[in-house]
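*Asks:* Residue numbers (our numbering), protein chains in the order written: chain B, 113 to 431; chain V, 58 to 360.
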């Protein structure tokens, strides 16, 4: 079961369902353009490259001439995806002939990215200030530890142990669908809940991210801003320290939540404080791509998780 | 460049179908570039943008560039090597530009020096056989890193004419590529077609193209040569109208379309010899001039 593909695709569906103006605004950020590009099926990526420097609409017929009989379904999937994400704009002329061209904002920014490269809005801090930076191995252990804590709280039926800083209402949002939430009954793991536990870390993370973003408007946060920040975060360098004062207030609040998921680590120096992206954060953009179904390599954490949840479950659920 | 940065193992589910290793062979022959219609600097800007676009479309894609000089070849860029400055994303612009250009300059200077010392036998041609061999060796190493690796292919950006003295070496490289299932794409930017590259692309299943408008080079590169191997099953890519299969004779390295062939080892000669210089088989007497061409070809050696 290609779990990462389904979950990540659902995330892109969510991006695609943003209102047109918001989506167009997202494309002002070159890293978003790159993340979106990487999430597309291979044919769609190629179409973007070949349309990158073409300013006039190209007829659908002309594009179909390049496609062999075997490839028509893939061609349609690629075109549909490009239109859904507003990367391609579709026009019909008087003769009802369909043409495509690249979204101008997307096009300009990707051209710039290609020639000049992307510049992150923040630079890593100099190493003389960030003295106690964890090693990459320690950072990875930290990230997975944080994630496991979160998972434990997620599937825990009792709210007595507060392992993370998420509010109980936020946890209830995450638990929706994974645990039954009936009055007067202790929460139990649903079928989807079991499946969730067996997914690999990246797929679980995307699931949680999707819930976190879908719920953002209720918390007074613009989902487009959140998506933008998350994708931008995935292009930072794992293990490097970035100053907290380069973040907006909204981003700072988001960072606190991301600590609980193991995406970043916070540290404080004498005068400055900084955040360090972990592999969980920087892998986000990699796992966005449409992967083919291959044999699942179950992450080692899942076995630990499975055995520890089995322990927890046995304490709580066995009649 | 003696480094060999083995890529950190990636969970197989993150490995999509289009992950590519692109090895680009860049013709730097100054004799060619001094008379080319497209200036070298403009050419480079198209190529650099193209290389960056390959790295852009998939985080796991890898690009390697080998410079093909008159007298030497060498690696001038590898996107998988650890960057000196971790601030700049691995192998990306502007790091890509500055690293590559610096190594390129060092290479061209070094190659030029060799010209003064060595009397280049084929003035005007570049060492395509050398860079093809280097590319194939690099790819072999990648194959041996394990079952999970990007799909490799070679792209020759060639402007210099074919050097017939390299015929045997080039054909050996082509067959080696064919056996390893590594397609050789050819983008010919010189004035004439390249028989070597036509054969290379034909035999290995790559694409051969001689762009008609060089100032639109990026467009040809992005439309045709950026296509990953998986997607090629679904797309109609340019096919050459005809392939020049002419060989070079082993004795003088001249291109011939009619000649003598040793039936033991298939070495090719433009005129009659007493014995084969490759395998030592002794040939029979030459027939008189009145005979037809086909009779000449049917000469068999006596062991």
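Think of the CB as a built atom: it goes at the ideal place given N, C-alpha and C, for glycine as much as any other residue.
With distances taken Cα to Cα, identify the nearest neighbour of residue 259 (chain B) among B:127, B:390 and B:163.
*Replies:* Looking up residue 259 (chain B) in the first chain gives position 147. That would be B:390, whose Cα lies nearest to the Cα of residue 259 (chain B).
*Asks:* Under 7 Å Cβ to Cβ from residue 76 (chain V), same chain only, skipping five residues before and after it: list those, please.
*Replies:* As a position in the second chain, residue 76 (chain V) is number 19, starting the count at 1. Same-chain partners within the cutoff: 115, 117, 118, 207 and 208.
*Asks:* Residues of the stretch 245-276 of chain V with a CB closer than 9 Å to any CB of chain B: list them in chain order, please.
*Replies:* 273, 275 and 276
*Asks:* Counting only beta-carbon atoms, is residue 254 (chain B) nearer than 9 Å to chain V?
*Replies:* Looking up residue 254 (chain B) in the first chain gives position 142. Chain V, which has no Cβ nearer than 9 Å to the Cβ of residue 254 (chain B), makes this no.
*Asks:* Classify residue 135 (chain V) as helix, strand or coil using the three-state DSSP reduction.
*Replies:* Along the second chain, read from residue 1 onward, the residue named residue 135 (chain V) stands at position 78. DSSP places residue 135 (chain V) in strand when its eight states are reduced to three.
*Asks:* Verify the CB distance criterion: does residue 165 (chain B) have a CB-CB separation below 9 Å to chain V?
*Replies:* Within the first chain, numbered from 1, the residue matching residue 165 (chain B) stands at position 53. For residue 165 (chain B), a Cβ of chain V is located within less than 9 Å of the residue's own Cβ.
*Asks:* At the level of alpha carbons, what is the spacing between residue 131 (chain B) and residue 196 (chain V)?
*Replies:* Start at 1 with the first residue of the first chain, and residue 131 (chain B) comes out as number 19. Start at 1 with the first residue of the second chain, and residue 196 (chain V) comes out as number 139. If you take the alpha carbons of residue 131 (chain B) and residue 196 (chain V), they lie about 46 Å apart.
*Asks:* Cβ closer than 8 Å: which chain V residues qualify as neighbours of residue 179 (chain B)?
*Replies:* Taking the first chain and counting its residues from 1, one reaches residue 179 (chain B) at position 67. 291, 292 and 293, listed in chain order.
*Asks:* Can you pull the chain B residues whose beta carbon is under 7 Å from the beta carbon of residue 288 (chain V), in chain order?
*Replies:* The sequence position of residue 288 (chain V) within the second chain is 231, counting from 1. Ordered by position in chain B, the residues that pass the 7 Å Cβ test against residue 288 (chain V) are 154, 155 and 158.
*Asks:* Report the neighbours of residue 146 (chain B) on chain V: residues whose CB is nearer than 7 Å to its CB, in chain order.
*Replies:* Your numbering for residue 146 (chain B) matches position 34 in the first chain. The answer, in chain order, is 113.
*Asks:* Please confirm if residue 146 (chain V) has its CB atom under 9 Å from at least one CB of chain B.
*Replies:* In the second chain, residue 146 (chain V) corresponds to position 89, counting from 1. Residue placement at residue 146 (chain V) is flagged as unreliable, the pLDDT there being 49, under the threshold of 50; a coordinate-derived value is accordingly withheld.
*Asks:* Give the DSSP bridge partners of residue 179 (chain B), in chain order.
*Replies:* On the first chain, residue 179 (chain B) is found 67 positions in, with the first residue counted as 1. Answer by DSSP bridge pairing, in chain order: V:292.
*Asks:* Our contact map puts residue 110 (chain V) next to residue 283 (chain V) with C-beta atoms below 8 Å; I'd like the distance itself, whole angstroms only.
*Replies:* Here residue 110 (chain V) refers to the residue found at position 53 of the second chain. Here residue 283 (chain V) refers to the residue found at position 226 of the second chain. Right, the Cβ-Cβ distance comes to about 6 Å (below 8 Å), so this counts as a contact.
*Asks:* Expressed to the nearest angstrom, what Euclidean distance is found between the alpha-carbon atoms of residue 314 (chain V) and residue 301 (chain V)?
*Replies:* Position 257 of the second chain, counting from 1, holds the residue named residue 314 (chain V). Position 244 of the second chain, counting from 1, holds the residue named residue 301 (chain V). Whole-angstrom Cα-Cα distance: 10 Å.
*Asks:* Could you say which of V:183, V:296, V:326 and V:255 lies nearest to residue 307 (chain V) if we only look at CA atoms?
*Replies:* What you label residue 307 (chain V) is simply residue 250 of the second chain in a count that begins at 1. Closest option to residue 307 (chain V), Cα to Cα, is V:326.
*Asks:* Tell me, please, whether the CB atom of residue 138 (chain V) is closer than 9 Å to any CB atom in chain B?
*Replies:* In the second chain, counting from the first residue as 1, residue 138 (chain V) sits at position 81. It does not: the Cβ of residue 138 (chain V) has no partner Cβ on chain B nearer than 9 Å.
*Asks:* How would you label residue 341 (chain V), buried or exposed, when you count the other beta carbons within 10 angstroms and need 16 or more for buried?
*Replies:* Start at 1 with the first residue of the second chain, and residue 341 (chain V) comes out as number 284. Result: exposed.
*Asks:* Between residue 132 (chain B) and chain V, is any beta-carbon pair separated by less than 9 Å?
*Replies:* Taking the first residue of the first chain as position 1, residue 132 (chain B) is located at position 20. So no, residue 132 (chain B) is outside the interface.
*Asks:* Pick helix, strand or coil for residue 241 (chain B), following the three-state DSSP scheme.
*Replies:* The count along the first chain starts at 1 and reaches residue 241 (chain B) at position 129. In the structure shown, residue 241 (chain B) sits in coil (DSSP, three-state: anything other than H, G, I, E or B).
*Asks:* Would you tell me roughly how many angstroms separate the C-alpha atoms of residue 353 (chain B) and residue 378 (chain B), rounded to the nearest one?
*Replies:* Here residue 353 (chain B) refers to the residue found at position 241 of the first chain. Here residue 378 (chain B) refers to the residue found at position 266 of the first chain. If you take the alpha carbons of residue 353 (chain B) and residue 378 (chain B), they lie about 9 Å apart.
*Asks:* What do you reckon, are the CB atoms on residue 186 (chain V) and residue 122 (chain V) nearer than 9 Å?
*Replies:* Here residue 186 (chain V) refers to the residue found at position 129 when the second chain is read from its first residue. Here residue 122 (chain V) refers to the residue found at position 65 when the second chain is read from its first residue. No, the pair does not count as a contact, with Cβ atoms beyond the cut-off.
*Asks:* Of all the CB atoms in chain B, is at least one closer than 9 Å to the CB of residue 202 (chain V)?
*Replies:* Residue numbering aside, residue 202 (chain V) sits at position 145 when the second chain is read from its first letter. For residue 202 (chain V), the nearest beta carbon of chain B is not closer than 9 Å to its own beta carbon.
*Asks:* Please confirm whether residue 110 (chain V) has its beta-carbon closer than 9 Å to some beta-carbon of chain B.
*Replies:* By one-based count along the second chain, residue 110 (chain V) stands at place 53. Taking a beta-carbon distance threshold of 9 Å, residue 110 (chain V) counts as an interface residue toward chain B.
*Asks:* Taking the beta strand (DSSP E) that residue 200 (chain B) belongs to, which residues open and close that run?
*Replies:* One-based indexing of the first chain puts residue 200 (chain B) at position 88. Residue 200 (chain B) -> beta strand (DSSP E) spans 200-204.
*Asks:* Beta-carbon within less than 8 Å of residue 145 (chain B)'s beta-carbon, same chain only, minus the 5 sequence neighbours each way: which residues are those?
*Replies:* Reading the first chain from its first residue, position 33 is the one you call residue 145 (chain B). If we look at residue 145 (chain B) and ignore the five residues flanking it on each side, its Cβ neighbours are 139, 218, 221, 222 and 225.
*Asks:* Using a Cβ-Cβ cut-off of 9 Å, state whether residue 186 (chain B) counts as contacting chain V.
*Replies:* As a working note, residue 186 (chain B) is residue 74 in the first chain. Residue 186 (chain B) has a beta carbon lying within less than 9 Å of a beta carbon in chain V.
*Asks:* Report yes or no: is there a C-beta of chain V within less than 9 Å of the C-beta of residue 194 (chain B)?
*Replies:* Taking the first residue of the first chain as position 1, residue 194 (chain B) is located at position 82. Output row for residue 194 (chain B): interface = no.
*Asks:* Just to confirm, is the Cβ distance from residue 299 (chain B) to residue 309 (chain B) under 9 Å?
*Replies:* Position 187 of the first chain, counting from 1, holds the residue named residue 299 (chain B). Position 197 of the first chain, counting from 1, holds the residue named residue 309 (chain B). No.
*Asks:* Considering only DSSP beta bridges, list what residue 386 (chain B) is partnered with.
*Replies:* On the first chain, position 274 is the one that residue 386 (chain B) refers to. The partner list for residue 386 (chain B) (beta bridge, DSSP) reads B:355 and B:379.
*Asks:* Please list the segments of the alpha helix (DSSP H) lying wholly inside the stretch 269-322 of chain B, counting only runs of 4 or more residues, in order along the chain.
*Replies:* 280-287 and 303-310
*Asks:* Just to make sure I have the definition right: I need the residues of chain B whose C-beta is within less than 7 Å of the C-beta of residue 279 (chain V). Which are they?
*Replies:* Walking along the second chain from the start, residue 279 (chain V) turns up at place 222. By Cβ distance, chain B contributes 161, 162 and 164.
*Asks:* How big is the Cα-Cα spacing for residue 94 (chain V) and residue 207 (chain B)?
*Replies:* What you label residue 94 (chain V) is simply residue 37 of the second chain in a count that begins at 1. What you label residue 207 (chain B) is simply residue 95 of the first chain in a count that begins at 1. When rounded, the distance between both Cα atoms is 41 Å.
*Asks:* Pull up the CB-CB distance for residue 242 (chain V) and residue 154 (chain B), whole angstroms please, since I reckon it's below 8 Å.
*Replies:* Along the second chain, read from residue 1 onward, the residue named residue 242 (chain V) stands at position 185. Along the first chain, read from residue 1 onward, the residue named residue 154 (chain B) stands at position 42. The pair is not a contact, with the Cβ atoms about 17 Å apart (cut-off 8 Å).
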